[in-house]
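Taking our numbering, the leading residue of the sequence shown gets 46, the next gets one more, and so forth. Positions of the beta carbon are idealized from the N, C-alpha and C atoms, including for glycine. Okay, so here's the structure we're looking at.
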Amino acid sequence: MSYAKDMAGVETIARTDAGLASELRLSVMRLRRRLANERHPDNVLSMGAMAVLGCLLRNGDVTVGELAAHERIQPPSMTRIVNALQDGGYVVRRAHESDGRQVVVSLTEQGRTTLRADRARRDAWLARRLRDLTADERETLHRAAPLLERLANAD
């Protein structure tokens, strides 16, 4: 972290891009951990597997390679996740219509239901926490959300 001393000599995080990066990293990681803890205890899927279900919901049927690219992991790792999701009935695979070497992955109704229930539970927790903030604080987060999304999707 980037630290500086204020007028009273108290050490604080520096107001630099490096300091902001450090603050954001820590805050986003803590929020992610907290949201992960709000998952339903019966949900046996990993956060990575849930991310794959979310990608399929957003993008529709895609190949394993496209899923790997979306989630920024190697294709063999994605193949393992897709295999586990298929074994659990969350996705189905079929041959690509024009390229028999590729496999297309589709979300099943069980996968869609599992994802929506998981999101609803975590969204409800976050909505309750947001009510504790002032209107100005909520507006600041509303404006920051697209910026955080851009950062998350940057190369």
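For a quick check, are the C-beta atoms of residue i and residue j less than 7 Å apart?
i: residue 102; j: residue 160; result: yes
i: residue 137; j: residue 156; result: no
i: residue 100; j: residue 115; result: yes
i: residue 127; j: residue 109; result: yes
i: residue 106; j: residue 149; result: yes
i: residue 81; j: residue 92; result: yes
i: residue 164; j: residue 175; result: no
i: residue 68; j: residue 170; result: no
Restricting to Cα atoms, I'd like to know which of the options is closest to residue i.
i: residue 88; options: 123, 71, 125, 130; result: 130
i: residue 134; options: 62, 140, 152, 141; result: 152
Would you call residue i buried or exposed, if buried means 16 or more other Cβ atoms sit within 10 Å of its Cβ?
i: residue 112; result: buried
i: residue 71; result: exposed
i: residue 193; result: exposed
i: residue 62; result: exposed
i: residue 90; result: buried
i: residue 140; result: exposed
i: residue 197; result: exposed
i: residue 172; result: exposed
i: residue 94; result: buried
i: residue 195; result: exposed
What residues are listed by DSSP as bridge partners for residue i?
i: residue 32; result: In the structure displayed, the chain extends from 46 to 200; residue 32 sits before or after that span and is not available.
i: residue 107; result: 150
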